[in-house]
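A.B. asks: Got a structure for you, questions after.
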Amino acid sequence: MVSKSQQKKIIQLKQKKYRSKFGLFVAEGQKVVNDLLNSVIECEYLFSIKNISHPKASKVNASEMKKLSHFKNHSSILGVFKIPDIKLNNQNKLTIVLDGVSDPGNLGTIIRLCDWFGLNQIICSSDTVDCFNPKAIQSSMGSIARVSCHYISDLLSYIKLVNKPTYKAEISGASIYKNQLPGYGTYIFGSESHGISKEITQKVKNHIGIPNFRENNGAESLNVATSVAIFLSEIYRNE
6 MVSKSQQKKI
16 IQLKQKKYRS
26 KFGLFVAEGQ
36 KVVNDLLNSV
46 IECEYLFSIK
56 NISHPKASKV
66 NASEMKKLSH
76 FKNHSSILGV
86 FKIPDIKLNN
96 QNKLTIVLDG
106 VSDPGNLGTI
116 IRLCDWFGLN
126 QIICSSDTVD
136 CFNPKAIQSS
146 MGSIARVSCH
156 YISDLLSYIK
166 LVNKPTYKAE
176 ISGASIYKNQ
186 LPGYGTYIFG
196 SESHGISKEI
206 TQKVKNHIGI
216 PNFRENNGAE
226 SLNVATSVAI
236 FLSEIYRNE
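For the sequence shown, this note's numbering begins at 6 and goes up steadily by one.
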């Protein structure tokens, strides 16, 4: 059974201001919740339509789950987890930086990609969407349990601090198929609609892109998550 106060709090967690206030986020679905339960991230509440064995578990009916869910179609299990305090690691060989990525589905997919390629953190500008947004959590398919997002207000200062070869992903950049992408470096990806910020564009000179092989009337751009996937594939192909 879920109390009225719990229900109110869970619904409030749809909004970033309440996630920040309470230090909590919601995860839904068997795969996502199981991955989080098996991680170091602490579970606050756990609700399930089915009987499950967990000290925080409470059984609810479908009607109650529907009221808790952040999605139109609810799943059979929902967990509320504490936002972890994971320290930033500046010693990684490869750094992925997201500058102003606004779509939570894209961010979740990028988190999943980084998990697949063995990366444990992503650096995000302060205006990148919250990684604990329900859609980002859902799209990560549980990878949020293993990949942390660190939000940095001054990306340029951070890039200088890690002091690695730095590349910005741009349509007009040198072809990734004609240049070997090093596994030691920082790769910056911009927002879906505006690209990389002017400040970084002016300061970072190395720009690499995925060429468009259709000369006329082709697609205008690639989805940022797709771009990250292609870049990571090329980086690790040469490792």
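C-beta: ideal position from N, C-alpha, C; glycine also.
Between the segment 116-126 and the segment 137-155, are three or more C-beta pairs nearer than 8 Å?
C.D. replies: Yes, since at least three Cβ pairs between the segment 116-126 and the segment 137-155 fall closer than 8 Å, the two stretches touch.
A.B. asks: In terms of residues, what are the limits of the beta strand (DSSP E) holding Lys1?
C.D. replies: Not covered by the structure: residue 1. The range shown for the chain is 6 to 244.
A.B. asks: Using only the alpha-carbon positions, how far apart do Pro109 and Tyr192 sit?
C.D. replies: Between Pro109 and Tyr192, the C-alpha separation is close to 20 Å.
A.B. asks: How many angstroms separate the CA atom of Ile157 from the CA atom of Met70?
C.D. replies: Looking at the two C-alpha atoms, the distance is approximately 36 Å.
A.B. asks: For Ser232, I'd like the list of residues in its chain whose CB is within less than 8 Å of its CB, leaving aside the five on either flank, ordered along the chain.
C.D. replies: Closer than 8 Å at the Cβ level, and outside the excluded window around Ser232, lie Ala174, Phe194 and Ile215.
A.B. asks: When you compare only the Cα positions, how much space is there between His155 and Ile127?
C.D. replies: One C-alpha to the other measures close to 6 Å.
A.B. asks: Just the Cα atoms here: how many angstroms apart are Ala224 and Lys55?
C.D. replies: Those two C-alpha atoms are separated by around 46 Å.
A.B. asks: Where does Tyr156 sit, in a helix, a strand or coil, going by DSSP?
C.D. replies: Reduced to three states, the DSSP call for Tyr156 is strand.
A.B. asks: Between Glu197, Ile142 and Val7, which lies nearest to Val31 when the distance is taken from Cα to Cα?
C.D. replies: Selected option, being the one with the closest Cα: Ile142.
A.B. asks: Between Asp104 and Ser177, is the Cβ-Cβ spacing less than 8 Å?
C.D. replies: No.
A.B. asks: Taking just the CA atoms, how far does His79 sit from Asn66?
C.D. replies: C-alpha separation (whole angstroms): 11 Å.
A.B. asks: Taking the continuous beta strand (DSSP E) assigned at Cys51, which residues delimit it?
C.D. replies: The amino acid occupying residue 51 in the given sequence is Leu; Cys does not appear at that position. Run containing Leu51: Cys48 to Ser53, per the beta strand (DSSP E) assignment.
A.B. asks: Please determine if the segment 41-52 and the segment 86-94 are in contact, where contact requires at least 3 C-beta pairs separated by less than 8 Å.
C.D. replies: Segments in contact, yes.
A.B. asks: Check this for me: beta carbons of Leu112 and Ile240, under 8 Å apart or not?
C.D. replies: Contact: no.
A.B. asks: Taking the alpha helix (DSSP H) that Phe122 belongs to, which residues open and close that run?
C.D. replies: Taken as a continuous stretch (DSSP letters only), Phe122 belongs to no alpha helix (DSSP H), as it is neither H nor E.
A.B. asks: Which residues does DSSP pair with Val2 in a beta bridge?
C.D. replies: The structure shown does not extend to residue 2, since the chain is modelled only from 6 through 244, so no value can be given for it.
A.B. asks: How is Val85 classed by DSSP in three states: helix, strand or coil?
C.D. replies: The answer is strand: DSSP assigns Val85 an E or B state.
A.B. asks: Rounded to whole angstroms, what is the Cα-Cα separation between Asn228 and Ile201?
C.D. replies: When rounded, the distance between both Cα atoms is 14 Å.
A.B. asks: Can you list, in chain order, the residues of its chain whose CB lies under 7 Å from that of Pro187, leaving out five sequence neighbours each side?
C.D. replies: Only Pro170 meet the Cβ criterion.
A.B. asks: Taking Thr38 as the reference, which of Asp159, Val106 and Leu51 has the closest Cα?
C.D. replies: According to the sequence as given, residue 38 is Val; it is not Thr. Of Asp159, Val106 and Leu51, the residue nearest in Cα terms is Leu51.
A.B. asks: Whole angstroms is fine: what's the gap from Ile57's alpha carbon to Lys14's?
C.D. replies: Rounded to the nearest angstrom, the two C-alpha atoms are 23 Å apart.
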